[in-house]
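A short worksheet on the structure shown next.
Protein chains: 2
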Amino acid sequence: MVAATLSPALISRFAEITGPAYALVDDKDIAPYLVESRGLYHGISPLVLRPGSVEEVSAILALATETGTAIVPQGGNTGHVGGSVPREGMADVVLSLSRLNRIRDVDPVGNVIVADGGAVLAEIQKAAEGVDRLFPLSLGSEGSCQIGGNLSTNAGGTAVLAYGNMRQLCLGLEVVLPTGEVWNGLRRLKKDNTGYDLRDLFIGAEGSLGVITGAVLKLFPRPLGHEVAFAGLKSVEDALALFERASSRCGTALTGFELMPRLGVDFTTRHIPGVRDPLATRHDWYVLIDISTSDAAETASRMMEALLAEGVEAGLVENAVIASSEEQRKALWHMRESMSPAQKPEGGSIKHDVSVPVSAIPAFMAEADAAVMAAMPGARICSFGHMGDGNIHYNISQPVGADKQAFLDRWREINHLVHGVVLKYNGSISAEHGIGQLKRDELAAVRAPIEMDLMRRIKGAFDPAGIMNPGKVVAV
Amino acid sequence: MVAATLSPALISRFAEITGPAYALVDDKDIAPYLVESRGLYHGISPLVLRPGSVEEVSAILALATETGTAIVPQGGNTGHVGGSVPREGMADVVLSLSRLNRIRDVDPVGNVIVADGGAVLAEIQKAAEGVDRLFPLSLGSEGSCQIGGNLSTNAGGTAVLAYGNMRQLCLGLEVVLPTGEVWNGLRRLKKDNTGYDLRDLFIGAEGSLGVITGAVLKLFPRPLGHEVAFAGLKSVEDALALFERASSRCGTALTGFELMPRLGVDFTTRHIPGVRDPLATRHDWYVLIDISTSDAAETASRMMEALLAEGVEAGLVENAVIASSEEQRKALWHMRESMSPAQKPEGGSIKHDVSVPVSAIPAFMAEADAAVMAAMPGARICSFGHMGDGNIHYNISQPVGADKQAFLDRWREINHLVHGVVLKYNGSISAEHGIGQLKRDELAAVRAPIEMDLMRRIKGAFDPAGIMNPGKVVAV
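So the sequence lines, in the order shown, correspond to chains W and D. Start counting the first sequence at 1; every next residue gets the next number (the UniProt record's numbering). Start counting the second sequence at 1; every next residue gets the next number (the UniProt record's numbering).
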């Protein structure tokens with residue numbers, strides 16, 4: 001067990017490692033490290049450490065193991081599940097990676113970039129562009145999220161369809177273990193079959209097995225051709241049928257296939273400045289189609305035109321528009337990315353980040369919709385997301401005029417309902433946001449005991465003192 | 001510790017599980033399960049079990065844990081590192097997956113196939129073709145290797161460049177644990193961030209953590225366009241420069257980029273029936289370029305022609321031919337796949353399966369060549385392989401007229417020399433064949449103690465009784 005208080009003497013010992021300027025103890029300095037943007041958690045902490053080197057991270061963890069002090073690694077703190085904030089009623093020390101933010105190496109010949117764990121995603125994207133390469137991870141918070149956090153949550157984002165999530169985008173890691181020992185796995189190899197896959201174990205572990213301080217990331221050619229289209233359809237079934245054609249026709253040139261409901265278009269055009277409906281006609285469902293090609297710009301436009309023509313011919317596409325400039329392409333993506341923020345002015349929103357097999361999306365949505373509407377008449381379901389990945393952000397806005405708090409008080413109940421349908425289709429209750437504190441107990445409830453037992457064995461083997469981000473992912 | 005003998009009573013208890021017809025005890029029946037094709041290992045076994053269901057596998061492992069009996073899971077037994085054969089001087093029981101060979105489900109809409117662990121790779125490829133899809137794993141032994149073995153070794157093969165190795169081709173697993181418990185992780189999800197990555201831990205574990213009895217595999221659109229070219233070049237540097245252009249131009253449409261030396265072309269044309277040099281001119285180095293496109297056949301031919309034109313223009317390509325029929329494409333690949341067998345008639349061959357960062361290939365090869373030629377004048381280096389993956393099969397044929405055994409006796413010495421250069425470039429001593437018995441001790445010698453320690457902790461956490469394929473991958 002870790003200690004629930006921290007003595008002034010121990011605080012001093014930790015502060016000596018970073019120097020006092022980087023050991024925050026005043027409430028007002030600490031406050032920003034305690035809460036996430038959604039405001040679901042209100043943990044406390046007596047100390048925030050901001051180490052400036054891998055050696056300092058190592059010394060901090062060694063001292064934490066020696067003294068049984070709980071450590072919460074924190075990147076950009078842009079998560080949604082309480083994974084990077086301290087627990088309530090404990091004395092967790094926050095270890096901020098924000099000063100470990102260097103790009104260590106950019107190699108356009110080897111197509112890799114090596115960065116500190118605290119490097120901001122947008123800086124990595126920029127460094128890749130600087131050598132005419134693409135680092136494809138892209139998500140709403142890219143201006144502040146850190147690559148170590150992206151790795152620790154196996155982040156997905158908008159380009160998973162073609163490029164995969166963080167597990168597919170990372171070749172090697174440097175990790176400080178709970179004992180302070182450093183694992184240097186900063187390899188740049190595409191093939192390496194030498195024992196157990198430690199890398200993929202640390203990726204997605206949400207900081208509960210060690211602290212990622214460095215990573216080797218893959219770079220890709222920058223696409224020469226890029227087309228974005230917005231199509232109106234009459235049903236989710238038709239969206240799936242169109243996705244299948246797009247996937248067969250374009251292969252990995254299909255870099256995005258995002259589903260949006262009419263309600264989401266209404267919300268974004270109503271509340272988000274500058275967003276307007278690009279189609280003159282109204283449709284029940286919409287898809288954003290993104291195609292990128294590396295050989296020639298014409299290939300992308302030929303693919304997109306042929307796909308939409310085929311979709312119209314087959315009766316799947318009711319109306320569509322292809323963006324004709326970079327500005328228009330950005331505007332279409334901006335609408336898609338505004339789906340979540342646009343719900344805020346509509347009152348409370350109960351959110352789900354789920355996945356099912358792609359072919360089961362229509363059946364899942366129909367069943368979940370029926371269950372939610374039966375339990376909560378008047379609820380406004382705004383489910384959208386990465387259709388090609390089977391990943392739906394199944395969000396529900398409160399009925400018009402309902403009491404916001406009374407609606408939000410039913411969060412767990414509605415989660416249970418929706419997750420029940422997800423499990424029926426052998427889906428996941430967390431497609432991309434992870435487990436953290438939010439879904440820890442629910443995960444243990446829905447997964448087979450042997451699976452939870454294997455996870456606990458891994459946790460015990462890597463962190464016997466239980467100091468690494470305790471209370472997140474798995475309870476031990 | 002596991003027992004070094006097996007009592008007749010215990011043999012009977014195991015035989016009861018499968019029925020006597022599938023419990024082999026006669027030496028002549030057991031013999032084929034004891035040796036690999038390269039003949040490096042000569043283990044013994046008192047019993048080969050051929051279970052017919054997951055339940056029987058489970059009962060076998062439960063009994064093995066209860067009685068401390070070592071179990072060696074065996075698929076098609078096509079490995080090269082002693083991973084799937086029993087140890088010398090012990091009483092390891094072989095667990096053959098060959099009867100668990102069903103295709104459980106083929107879903108072209110969800111783009112997955114579900115197969116038993118013992119399903120033969122070629123059967124899975126065929127089942128995918130049957131629904132107009134591609135399962136891209138392809139390797140020399142595909143007619144007899146089993147998917148459970150491909151998974152357990154994280155197999156690579158010829159299509160890694162575009163499609164990745166087994167970790168990238170698998171969505172879910174069913175694994176029987178050493179205790180007999182079954183982990184049902186047969187998910188069909190593209191995104192699932194719910195805790196530690198158990199799947200990738202079992203993949204590549206060489207049967208030392210559990211037995212893979214089922215898998216969900218990804219299917220892909222069958223390419224509409226396919227082009228294969230064979231180009232002569234003057235150096236490895238030029239091959240790398242051409243690869244960089246090919247990679248930028250084609251992206252994931254570049255489905256193969258294989259390097260071959262003149263010596264390999266000499267060996268194959270001399271010894272392999274039907275192989276002939278497709279070029280009238282002689283060159284020091286050759287590359288096989290494979291391009292596949294999913295949108296249209298013309299895209300592949302346009303890409304290939306443009307790439308070769310660019311290569312000639314830049315002075316990288318001395319001469320080249322594009323295959324004009326399926327038969328010619330197969331013939332070019334056949335030459336590449338014959339590089340290893342063609343060495344056999346030339347006497348002894350000391351082999352290495354290594355990888356380095358792609359951009360380091362020329363420097364690695366130059367240094368390794370110098371070291372080998374200094375140590376062994378007259379040696380004939382025939383290094384070829386998956387250049388785009390950084391994976392070189394650095395093989396050395398004996399000097400003409402040398403004594404074969406005396407040459408092969410220097411295997412370890414030469415390995416040490418070559419691996420030293422590999423490590424200098426932060427490479428891997430096993431790019432795709434794994435560790436098994438062959439490289440177990442060498443791995444422990446070249447990797448940092450903390451890395452080996454983490455692997456041993458995983459082994460101990462999953463297999464505390466030490467019954468799963470003991471003596472392979474890590475010593476505990």
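By construction, the Cβ of each residue, glycine as well, lies at the ideal position given by its N, Cα and C atoms. In this text, all values refer to a predicted model and were calculated from it rather than measured experimentally.
Would you mind sorting residue i into buried or exposed? The rule is 16 or more other CB atoms within 10 Å of its CB.
i	result
PRO51 (chain W)	buried
VAL400 (chain D)	exposed
GLN437 (chain D)	buried
ARG457 (chain D)	buried
SER37 (chain W)	exposed
LYS330 (chain D)	exposed
ALA229 (chain D)	buried
PRO32 (chain D)	exposed
HIS416 (chain W)	exposed
ARG133 (chain D)	buried
Does any residue of chain D have a CB that is nearer than 9 Å to the CB of residue i?
i	result
LYS218 (chain W)	no
ARG188 (chain W)	yes
GLU367 (chain W)	no
LYS28 (chain W)	no
GLY110 (chain W)	yes
HIS226 (chain W)	no
ARG336 (chain W)	no
Just the Cα atoms here: how many angstroms apart are residue i and residue j?
i	j	result
ALA23 (chain D)	ALA431 (chain D)	35 Å
LEU408 (chain D)	ALA379 (chain D)	12 Å
ASP290 (chain D)	GLN74 (chain D)	33 Å
SER138 (chain D)	PHE257 (chain D)	14 Å
SER12 (chain D)	ALA128 (chain D)	40 Å
LEU6 (chain D)	THR69 (chain D)	8 Å
LEU316 (chain W)	ARG276 (chain D)	51 Å
GLY156 (chain W)	ARG104 (chain D)	30 Å
LEU240 (chain W)	GLY39 (chain W)	35 Å
MET452 (chain D)	ALA115 (chain W)	25 Å
GLU123 (chain D)	ILE361 (chain W)	29 Å
GLU337 (chain W)	GLY140 (chain W)	7 Å
ALA91 (chain D)	ALA21 (chain D)	20 Å
List, in chain order, every chain D residue whose beta-carbon is nearer than 8 Å to that of residue i.
i	result
ASN184 (chain W)	ALA448
GLU181 (chain W)	ILE450
MET303 (chain W)	ASP295
THR299 (chain W)	ASP295 and THR299
For residue i, decide whether its Cβ has a neighbour in chain W, counting only Cβ atoms nearer than 9 Å.
i	result
VAL160 (chain D)	yes
GLN168 (chain D)	yes
PRO357 (chain D)	yes
ILE289 (chain D)	no
VAL474 (chain D)	yes
ALA59 (chain D)	no
ASN469 (chain D)	no
HIS393 (chain D)	no
Who are the neighbours of residue i on chain D, taking C-beta pairs under 7 Å?
i	result
PRO221 (chain W)	SER247, SER248 and GLY251
ASN165 (chain W)	LYS191
Going along chain W, which residues have a C-beta under 8 Å from residue i?
i	result
ASP238 (chain D)	Result: empty, since nearest Cβ-Cβ is about 14 Å, beyond 8 Å.
ILE435 (chain D)	ASN193, THR194 and GLY195
GLU142 (chain D)	Neighbours of GLU142 (chain D) on chain W: none; closest Cβ ~18 Å, over 8 Å.
ARG457 (chain D)	ALA461 and PHE462
THR153 (chain D)	ASN193
Interface residues of chain W around residue i at Cβ under 7 Å?
i	result
ALA431 (chain D)	LYS191, ASP192 and ASN193
PRO389 (chain D)	Correcting the residue identity first, residue 389 (chain D) is Asp in this sequence and not Pro. Those within 7 Å of ASP389 (chain D) in chain W are LYS190 and LYS191.
ASN77 (chain D)	Those within 7 Å of ASN77 (chain D) in chain W number zero; the least Cβ separation is about 17 Å.
(Q) When you compare the stretch 274-286 of chain D with the stretch 231-240 of chain D, are there three or more beta-carbon pairs, one atom per stretch, that lie closer than 8 Å? (A) yes
Q) Counting Cβ pairs, one atom from each stretch, are 3 or more of them under 8 Å apart for the stretch 81-93 of chain D and the stretch 102-121 of chain D? A) no
Q. When the Cβ atoms of the stretch 358-375 of chain W are set against those of the stretch 322-333 of chain W, are three or more pairs found closer than 8 Å?
A. no
**Q.** Given 8 Å, three or more beta-carbon pairs between the stretch 200-212 of chain W and the stretch 299-306 of chain W
**A.** no
Q | Stretch pair the stretch 188-197 of chain D + the stretch 262-274 of chain D: three plus CB contacts closer than 8 Å | A | no
(Q) So, does the stretch 339-352 of chain D touch the stretch 242-256 of chain D, judging by three or more C-beta pairs under 8 Å? (A) no
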